[in-house]
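In our numbering, the protein residues as written are 26 to 588. In this text, a Cβ means the ideal position worked out from N, Cα and C, and glycines have one as well. Only a predicted model underlies this, so the values are computations on that prediction, with no experimental measurement involved.
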């Protein structure tokens, strides 16, 4: 993509941003819907059981190690460095930068994957602890085999994130947005096969090794499926991919700062994840980690559909420079804050219905996992207030990376994640039940994300000007004022849900729609400009600039697609 295409893309500004974000939001909605189905199927086929607890614990290990070793660095570096060269018309330097990123990724992560495989036994033994309600010896043996099969994911995630970042820098977003759909479909098939062939409530010693191979090996195949959709489009870019450890002259220093910032943030984030694992498995009860995953799935669904598309599509534009990026920042920040406040209100309003749905679904609902499942509604309610801060984190860190202030972004975001981990670690009693532990984890998350959001807004004002955040505050307040009365009314009038699927889904639909309408009315009163912007987005999506095609997809202008 030459400089003319990049410049044209940036000049189209708001319309192009909305067209790209609209496409990404649509595909992301599909991906998250399939992802939600994945966890619904998991709940029914595996569930809050001993094998589910071991699987959930072992499957987090490659994610944590990858993120600490390279994930944060790659996410911070790939888009601003490659996009910066493309904006200057230096496709050759963009190619050299992409090649160096991929070479370093393989160099660091391949040995790490081998270490994970060799240390599978001690790692799972430490994380599982006493495994309340399950056979400790059998749990550790199953966890060791699963982690051995999960180890290749460390390298696969790294390759995928580099290729995704390079595609984003070129304005190609569709391939990466569809990759989770393919991955989730593979894993859904694995869960269904496991549930059809084996009893998930059986003691671990009664499950044959083939059951663990199916569950863990199939999940790793799902990660392979996450990489394949971006591999082809990335190799078709006008870049010369060749092994090299050397970055172009002048790029290495900036890359070093971005890497330092990215690693600092992710180290704090993944330390919090380890705290979650240790506290969940130490709690009195079975499968707290699985129920925490259910809560996180519901929490991240609106975030991924409403926040991530705008934040992702804005990143290359923010990297174009302050003059062009300031309007994009204000527009994006207002949109994601309004969306996050709405999502938080809906999550609070529907927490009991969501909890009832998982009780109806889960394979462990009639067994020892029932105590953990009963804690899902309050956990969701306590998680929800952190969504606005989490949304600010998504946009503000990108804006500060693009501005050239990565260490300030790292300090603010890292402080938030540190608070999220420290709150439950300090407050959890030694004999905490799963319900107490899950509530404390949710409180810690909300407090930590709020702290991160406030600190990042302060840094945005210093870096991008005093106006950063004003429109976002107005939009968020309007949504909050509109939604709260309906949420309070639902709390007063409606009791605990009972019965089967029809009344549960009907009530959820009614309450969710009422909250949505009231929130939009509140937004229209507080910030009519944002509502008008959303209307223009709708018109843009119905009659978009066809562009030249490619990975950005039909209807997305050249250079305007997504991760």
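To the nearest angstrom, how far is it from the Cα of residue i to the Cα of residue j?
i           : j           : result
residue 167 : residue 147 : 12 Å
residue 542 : residue 223 : 45 Å
residue 471 : residue 409 : 7 Å
residue 248 : residue 60  : 13 Å
residue 154 : residue 182 : 27 Å
residue 193 : residue 413 : 25 Å
residue 83  : residue 77  : 10 Å
residue 399 : residue 324 : 17 Å
residue 161 : residue 188 : 40 Å
residue 524 : residue 125 : 57 Å
residue 54  : residue 120 : 31 Å
residue 75  : residue 227 : 8 Å
residue 204 : residue 265 : 24 Å
residue 220 : residue 69  : 8 Å
residue 138 : residue 178 : 8 Å
residue 436 : residue 199 : 32 Å
residue 339 : residue 355 : 11 Å
residue 196 : residue 252 : 18 Å
residue 322 : residue 487 : 34 Å
residue 190 : residue 295 : 21 Å
residue 445 : residue 439 : 10 Å
residue 527 : residue 544 : 26 Å
residue 112 : residue 180 : 30 Å
residue 370 : residue 330 : 16 Å
residue 429 : residue 482 : 16 Å
Would you identify the three-state DSSP class for residue i, choosing helix, strand or coil?
i           : result
residue 128 : helix
residue 273 : coil
residue 532 : helix
residue 519 : coil
residue 159 : coil
residue 353 : helix
residue 402 : helix
residue 422 : helix
residue 387 : coil
residue 266 : coil
residue 224 : coil
residue 116 : helix
residue 567 : Note that residue 567 has pLDDT 41, beneath the 50 cutoff, so the model's placement of it is unreliable and no number is given.
residue 235 : helix
residue 197 : coil
residue 177 : coil
residue 392 : coil
residue 511 : helix
residue 214 : helix
residue 548 : helix
residue 71  : coil
residue 208 : helix
Once the 5 residues before and after residue i are set aside, which same chain residues still bring their CB inside 6 Å of it?
i           : result
residue 406 : 373, 376
residue 592 : Since the first and last residues shown for the chain are 26 and 588, residue 592 lies out of range.
residue 72  : 225, 387, 388, 389
residue 145 : 169, 172, 173
residue 366 : 413, 501, 504, 505
residue 79  : 164, 167, 168
residue 533 : 375, 378
residue 267 : 124
residue 299 : none
residue 159 : 75
Tell me which residues share the same chain as residue i and place their Cβ nearer than 7 Å to its Cβ, disregarding the 5 neighbours each side in the sequence.
i           : result
residue 122 : 106, 107, 110, 272, 273, 276
residue 218 : 239
residue 384 : 390, 398
residue 332 : 361, 364, 365, 416, 419
residue 90  : 137, 141, 179
residue 297 : 442, 445, 446
May I ask you to list the residues that DSSP assigns as paired with residue i?
i           : result
residue 458 : 309
Grab me the residues of residue i's own chain with a C-beta within less than 8 Å of its C-beta, minus the 5 sequence neighbours each way, in chain order.
i           : result
residue 317 : 301, 305, 404, 463, 466
residue 214 : 243
residue 547 : 503, 504, 505, 506, 507, 508
residue 311 : 73, 74, 75, 78, 157, 158, 159, 389, 392, 393, 394, 396, 397, 459
Do residue i and the ligand NAP come close, with the Cβ less than 8 Å from some heavy atom?
i           : result
residue 470 : This structure simply doesn't include the ligand NAP, nor any ligand for that matter.
So, does the CB of residue i fall closer than 9 Å to a CB anywhere in chain D?
i           : result
residue 133 : Of the chains in the structure shown, none is chain D; there is only one protein chain.
Handout entry: the stretch 453-469 / the stretch 497-517 touching (three or more Cβ pairs under 8 Å)
Key = no
Handout entry: the stretch 300-312 / the stretch 53-69 touching (three or more Cβ pairs under 8 Å)
Key = no
Practice task
Determine contact between the stretch 245-259 and the stretch 287-297, defined as no fewer than three beta-carbon pairs at a distance below 8 Å.
Solution key: no
Practice task
For the stretch 411-431 and the stretch 446-453, state whether three or more C-beta atom pairs, one from each stretch, are separated by less than 8 Å.
Solution key: no
Problem - Three or more C-beta pairs below 8 Å linking the stretch 419-428 and the stretch 391-398 - result: Too few Cβ pairs lie closer than 8 Å, so no.
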